[in-house]
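Residue numbers (the numbering used here), protein chains in the order written: chain A, 1 to 487; chain B, 488 to 730; chain C, 731 to 1465.
These notes concern the structure reproduced below.
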Amino acid sequence: MGAQSLPLTPAPLTVEQAEAMSRRQIKKHHVAIMLLHWFNAVVWLFELSTGAALIASPYFRVAPYWYINMVTTFFGSRANMLRFHIAVGVTWVIVFAVYVTFGFRTYVRTSVLHGVRIHEQPAWRKFLALQCILFQNEEVCLDADDVRWLKARFLRVMGRNHEPLPPQGLYNAGQKLFAWLVYLAIPVIMLTGLVMALHLISTMTVAWAVVLHFVAVGLVLSGLMIHVYMGAVFPEEKPAFFSMITGMVSELYAYRHHFKWWREVKMQEEAWKLELQGASGSSGVAPPVAGAGSVAAKCPLERTEAKREGAWTFKRIFRAPEYWPPYVAGAGLGLTLLATFVLMGQGLGASGAFTRYLVAILAWVAPNYAAHSSYWSNYVQPGQSPLIAFLVFEIFGAMIGGFVSGWLAGRVRIAVDKGPRISRRTRYALALGGGILTGYGARLARGCTSGLALSGGAVLAVGAWVFMLAVFAAGFIGAYFMRRYWL
Amino acid sequence: MARYAMVTDLRKCVGCQACTVACNSEWEVPTGFARTHVHATGVAGVFPDLVSSFYVAQCNHCDHPACTKACPTGATYQAENGIVHIDRNLCIGCGYCLEACPYGARYISPTIKKADKCDFCSPRLERGQEPACVLTCTAHAKFFGNLEDPKSEVFNMVYEQGARRLETPEVAIGPNVYYLGKKENVDLVLATFPPHRPRLLAPGEIWRGYLKPFILAAVGATFLGQAVAFFHQLKVGEEEFEK
Amino acid sequence: MSPKLTRRDFIRSSSLLGAVTTLGTAPAQSAEHPPGWRGTTRVETIATNCEMCFWRCGVLAEVAHGKVLKLEGNPSHPLTKGRLCAKGNAGPKLLYDPDRLKYPMLRVGERGEGKFKQVSWDQALDFLAGRLTEFKQKYGPESVAFFPHGVASAFFHTLMRAYGTHNIAEPAFAQCRGPREVGYALTFGQGLGSPEPVDLEESKLIVLIGTHIGENIFTSQVTAFADGLSRGAKLIVVDPRFSTAAAKADWWLPIRPGTDTALLLAWMHVLITEESYDKEYISRYAQGFPELAAHVKEFTPEWAETITELPAAKIRATARAMAAAKPAVALHPGRHTTWYGDDTQRARAMAILTALLGSWGQKGGIFLPTAIKTGEFRTPAFPAPKRERADGAGTRFPLASEEQGVTNGLVDATVSGKPYPIKAWIVYGQNVLESIPQRPHTLEAIRKLDLMVVVDVLPMEQTYYADLVLPEATYLERYDMPQIALSAKQPYIAIRQPSVEPLYESKPGWWITLQMAHRLGLEAYFPWKTPEEHLATLVQPLGVNIDTLLTRGAVAFPGRPYIAERLPEDGPLFPTQSGKIELYSPLLKQLGFDPLPRYAPVGEPPVGYFRLLYGRAPVHSFARSQNNAWLDALMDENVAWINEDAARDLRLAEGQQVVLENQDGAKSLPIRVSITKGIRRDCLYMVHGFGHESRRLKLAYHRGASDAGLMTRVKVDPIMGGTGMRVNFVKVVKL
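Shown next as structure tokens:
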């Protein structure tokens, strides 16, 4: 079947067709988008919860006093709360600035590639192009179908009309409108935030910034509530929620909700198939397996069929060859952490153990230096080895536990995980370099992802949350530069 | 609990500005600004029966301060002892408090870009010292103390000698800096430097009057809509709802 | 990791995370402020005394990291008790004034051009020693005149006497307190000194004649004045201007300028004719009463009304108020008293009125100094000069102080070359162009000099005319001669010690003096090596622990301020020739002056002209403090007070810039007009000290106008040489 055979509007599906389509997964989101989405979600959660508590005076206040007091108590002082609010906000600004800078580059590259000549386009196309330049993301630009969709949707809500909704792209018009709001409001929020945080320009500027900040956040918030509700609560859109975690949606969902996008994906798929057939047809010999494979790998529909969802049995969890579902692992880690606090009186950690190993070696090789160094001496107590500490044993436990779990799952083997383009030696060098940086950073922050982010976060230490945000932000930025080593 | 107050004896004050400079020096106030400043009223009356006085201005630490209400972040707050403080860590330099204060007691420091004003020398009080202006006052015209202590000088001056607040019928927010002096002198000060009604800067007024209700209504409406949808969803049942 | 690297270094060395997390947060102000700490800084407190003016209030310098953070009043100072005026509080801005003289300089351009080259201290002092030796050999040591002012010059004063000159004069006498000191000494046998022993706080009636306490801020005097008022003292203010004090007065007498003696005589007339003077006091302590009674008989209030333009009834009423309050009447003798050239006689009239009220040596009146004995140095006697004083003290001006000299006398001698030529001036801590009137005359004198040396802190006008400029350390960087204040109720000794090391290449006065003494071979006059040693010798007989003195800054001794408390060892009550209060002065009679004060007209301003009056502002010290950033922020220029009727006639607007031109055509810099009801319409008032001409004073240069520049005329008091300066008239020229 060719691209021409694809329906132009969604047609009713047979039960078998629907069943088959629900099994097939289509990749909807790039991993960068997913990371950015959740980063954004965390930022909004933090900023909204602290921001509402920061507006304290009668003339401006939006949150009730009990809420303001509760959040203030959590942070210890309002000054800490503001510092946190600013630190998170500035991190947000920086991450967005990086994303937008690189995203703009990508956009310019693709639009040059496509050779779009704006002045020859119809009016709504010009509008589209303007949006594209503004938002640097074609997927959120409103087009003619969206306008019709909005009109139809509105008439449906009013009970005036029951004609079918026009087909939608990767995002529907509602999502696009929200994106519009967000895209317009975010620069306002960021700029006014910076004006307030750095007391820029003049008193009157700051006075206006306060109000603009509140208004922009308030408008986004009213949309955000729909967004969260639709994603997390509304049953019809549940696949969209999970797509933000896995990146995938079922073909059926795509067909029903984002028909235009489904059609595009389908057309691309047909094109690839045609290419394959054409190649084999012209030479008259069977396509080379490797070549076919590489083309097939690019095609999103050629992915393996989704595994059938089944109950998580004990065997599936503990003996299955695949990894644990993250939710179970997360809960398990939480319980382990709780147990550690109850039994050992302290949380989990990793880098602290390595510090102690190093101190033990120092105390053995150069005891005088270790005892008098202002940094190392914290770990040296007379008559007691620096190795008598929970963390030291915990690391051994972690290693044993990891081995047992891998063995049970049948995964134990000697391997170097690396990207396909780099040599083992490069991988070793990168691992060592990364390790040194991580160790340095961990001691600087007085804890690593385990000791600070996990254990600290569990006891609601503000530093832990700041650290975690910083880790994710740095990871997000770093990943861009390191991606070639893995792809 | 203490209720701190200051009394300026206008019969004694000679307008020498020692308080201004001592305060500038104590708090590193940028040149050209002041936490406390002295103004002459100019001469009134008919020659040779003339009247003139000085007005020693500073933060009044009012019973019902206008500034704390206008401060968006709560950086300006009143402690239990009546002293109105500015938490510099919270101040964003928006200037709402400057406009709110009927006595013009505040300024935005050009060095830190934040609001600043008299805090009755709180750190000095903690160290057991008098406020810098009281200690230095060459005319021995400034008195500081606890209005709830009947043995204090200020109690005597306020409740026995009739020291007055600079209040008008329009602006009566309970200033805690009192002025002792002949009626004609205090009246002249009040007439020359009348407190203005507490004002809210335009953006704040727009927020309070229009934008805040609108935003709250928008957020409330979406919330309500969703709540309706949610209950509908629960009532109909998820599977049914999906179809 | 290097062994020295601490956690803190560790943090400091990596700032990326820090930069993100601390954005937008200001340094936190700690809630904990333990004593001796300011915020997070530990502060050292050094007790010393102020020299923003010459009252020398006690200050505590709060020093951290070698920098003066704040000057605070010293609560244990016996006189000022922790109070400090605006100028005192602004001391750090003098210390850290970027315009300060920074190194010794030799003139390279013309005089007045202000071109100098930097030289080392050795070069500068060798040069000065060489020139002084040359003058001594060629013209005799008397050819060198010394113009000191301030405490720092005390050591140099000794040096100049040891060098052999007695031509030493400071403006504190002939341009300031001289007439008062002489007038009171003629009457009571002793002058008043500084701080003025006026018992303002205990007084029942305070009388100020031309004294503007409140604008003239001497801290403890203002405190006593205000405390006296709040204790219920009545106040009479005689001033053509509605001054700060006048605004507090029960009786403000806007007198016609120059007629104060007439008012004083009328008051005496009322007291004597109504027999309400202190009869017992007069009969016991005074002589010459009958002559006085006869003398004032004709000076009725009605007579005075025609002269002073004050209602006779008001004169009577105020006289009766004085009589009712006697002897607790504090008739303030004034401080700057060189007004009309008859000033000694006016001071005499005030002294006589004080005597009639019986308030000298009485509670609430004028109290008496108590002597304390300080240590002495074994030094050779100063060489006796071979020639008479050039300034006329003791000769031309028979009753002028030989200790303080007559500045204008020295200027005259320099210009005229009589009685002998003056070849060199050493100006130390004063501004001869601002403090001495008749600036063109002074400049003429300077042009005739072979050498002019200026020792100063700031590049004042006179430095432009100097051949050698020596930068002195400020009072916060040096030891000085301690203050031994006898005319306080409790006499006290107060020290000055450095709070910080001298900035730039500036040096303290004692160091300059010792260096010069060494170069001139005069070490014998300075039997001490360090200022600490000098101080130890001085306080030794007082029985004061030197460490206590250094910590507290000042130590007081019991005083006997009232007649009733006097002991024989305090000497005679009235050390006059007769041993009594001399209402009638035989000495004046003998010298050919009026033995009893008499009113003489001082001349009226021509039509269109105002009498130029001048005074002080509370935030400035003479012409010294206009470049101080904090004080400049409070008052950066002076204004011309003009009566509102006169302003209306001249069509002047408030704040309008005008130029003042005096009767001799001298013009001022532009000055703003301040239109007020609070001044008589025949006078114009301005604050002294503005209109600086030195471009190196970046804040003060050409701000406001100089009253000194408009004083081309003076009337010299024949008794003591004081320059009466209120004899100049100005007209307003619109720009």
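Just so you know, even glycine gets a beta-carbon here, dropped at the ideal spot from N, CA and C.
Every value quoted in this text rests on a predicted model; they were computed, and no experiment measured them.
For residue i, is the classification buried or exposed, using 16 other Cβ atoms within 10 angstroms of its Cβ as the cut-off for buried?
{"i": "Asn819(C)", "result": "buried"}
{"i": "Trp486(A)", "result": "exposed"}
{"i": "Thr991(C)", "result": "buried"}
{"i": "His1418(C)", "result": "buried"}
{"i": "Lys1464(C)", "result": "exposed"}
{"i": "His30(A)", "result": "exposed"}
{"i": "Lys1103(C)", "result": "exposed"}
{"i": "Val69(A)", "result": "The question names Val, but residue 69(A) in the sequence shown is Asn. Classification for Asn69(A): exposed."}
{"i": "Asn1275(C)", "result": "exposed"}
{"i": "Thr14(A)", "result": "exposed"}
{"i": "Trp997(C)", "result": "buried"}
{"i": "Thr1243(C)", "result": "buried"}
What are the start and end residues of the alpha helix (DSSP H) that includes residue i?
{"i": "Val501(A)", "result": "Within the shown structure, residues of chain A are numbered from 1 to 487, placing residue 501(A) beyond reach of any answer."}
{"i": "Lys1464(C)", "result": "Looking at the DSSP string, Lys1464(C) is not in any alpha helix (DSSP H); the run it does join, the beta strand (DSSP E), is Phe1459 to Lys1464."}
{"i": "Pro909(C)", "result": "Gly908 to Phe918"}
{"i": "Phe472(A)", "result": "Val462 to Met482"}
{"i": "Glu1299(C)", "result": "Glu1299(C) -> no alpha helix (DSSP H), and no H or E assigned at all."}
{"i": "Tyr564(B)", "result": "Counting along the chain, Tyr564(B) falls outside any alpha helix (DSSP H), though it belongs to the beta strand (DSSP E) covering Thr563 to Gln565."}
{"i": "Asn672(B)", "result": "Lys670 to Thr679"}
Here's a check: name, in chain order, each residue in its chain whose Cβ is nearer than 7 Å to the Cβ of residue i, leaving out the five neighbours to either side.
{"i": "Thr555(B)", "result": "Thr563, Tyr564, Gln565 and Val571"}
{"i": "Asn547(B)", "result": "Tyr590, Ala592, Pro662, Asn663 and Val664"}
{"i": "Glu1270(C)", "result": "The residue asked about is misnamed: residue 1270(C) is Gln in this sequence, not Glu. Contacts found: Gly1105."}
{"i": "Leu36(A)", "result": "Tyr99"}
Opposite residue i in the DSSP bridges: which residues?
{"i": "Met1080(C)", "result": "Note: Met1080(C) sits in no beta bridge, so no partner."}
{"i": "Leu1181(C)", "result": "Ala1154(C)"}
{"i": "Val1285(C)", "result": "Ile1223(C)"}
{"i": "Ile59(A)", "result": "Just to set this straight, residue 59(A) is Tyr in the shown sequence, not Ile. BP columns for Tyr59(A) are empty, so no partner."}
{"i": "Tyr1431(C)", "result": "His1422(C)"}
{"i": "Gly632(B)", "result": "Ala492(B)"}
{"i": "Trp1090(C)", "result": "Ile1096(C)"}
{"i": "His1324(C)", "result": "A quick correction: the sequence has Asp, not His, at residue 1324(C). DSSP, once it has assigned bridges, lists no residue as partnering Asp1324(C)."}
Where do the ends of the beta strand (DSSP E) carrying residue i lie?
{"i": "Asp496(B)", "result": "Tyr491 to Asp496"}
{"i": "Cys1413(C)", "result": "Cys1413 to Val1417"}
{"i": "Phe520(B)", "result": "Per DSSP, Phe520(B) belongs to no beta strand (DSSP E) and is neither H nor E."}
{"i": "Leu444(A)", "result": "It is not in any beta strand (DSSP E) - Leu444(A) instead sits in the alpha helix (DSSP H) that spans Arg424 to Leu444."}
{"i": "Arg971(C)", "result": "Per DSSP, Arg971(C) belongs to no beta strand (DSSP E) and is neither H nor E."}
{"i": "Val571(B)", "result": "Val571 to Ile573"}
Going along the chain, which residues of its own chain have a beta-carbon closer than 8 Å to the beta-carbon of residue i, five neighbours each way excluded?
{"i": "Glu1231(C)", "result": "Gly796 and Glu1207"}
Excluding the five sequence neighbours on either side, which residues of its own chain have a C-beta within less than 6 Å of the C-beta of residue i, listed in chain order?
{"i": "Val912(C)", "result": "Thr1074, Leu1129 and Met1450"}
{"i": "Ala816(C)", "result": "Val1349"}
In the segment 622-650 of chain B, which residues sit with their C-beta less than 8 Å from some C-beta in chain C, listed in chain order?
If the cut-off is 8 Å between Cβ atoms, the segment 622-650 of chain B has Leu622, Thr623, Cys624, Thr625, Ala626, His627 and Ala628 near chain C.
Using a Cβ-Cβ cut-off of less than 8 Å, give me the residues of the segment 503-515 of chain B that come near chain C, in sequence order.
Of all residues in the segment 503-515 of chain B, Cys503, Gln504, Ala505, Thr507, Val508, Ala509, Asn511, Ser512 and Glu513 have a Cβ within less than 8 Å of some Cβ in chain C.
Residues of the segment 187-202 of chain A with Cβ closer than 9 Å to any Cβ of chain B, in chain order
Going along the segment 187-202 of chain A in chain order, one finds Val195, Met196, Ala197, Leu198, His199, Leu200 and Ser202 with a Cβ nearer than 9 Å to chain B.
Residues in the segment 567-592 of chain B with C-beta within 8 Å of chain A's C-beta atoms, listed in sequence order?
Listed by position along the chain: Asp574, Asn576, Leu577, Ile579, Gly580, Cys581, Gly582, Tyr583 and Leu585.
Any C-beta of chain A within less than 9 Å: which residues of the segment 551-566 of chain B qualify?
For the segment 551-566 of chain B, which is checked against every Cβ of chain A, the residues closer than 9 Å are Thr555, Lys556, Ala557, Cys558, Pro559, Thr560, Gly561, Ala562, Thr563 and Tyr564.
Residues from the segment 959-982 of chain C in contact with chain B, defined by Cβ distance under 9 Å
If the cut-off is 9 Å between Cβ atoms, the segment 959-982 of chain C has Leu959, Ser960, Phe972, Thr974, Ala975, Ala976, Ala977, Lys978 and Trp982 near chain B.
Output needed in chain order: residues of the segment 1379-1399 of chain C with a Cβ under 8 Å from some Cβ in chain B.
For the segment 1379-1399 of chain C, no residue has a beta-carbon sitting nearer than 8 Å to a beta-carbon of chain B.
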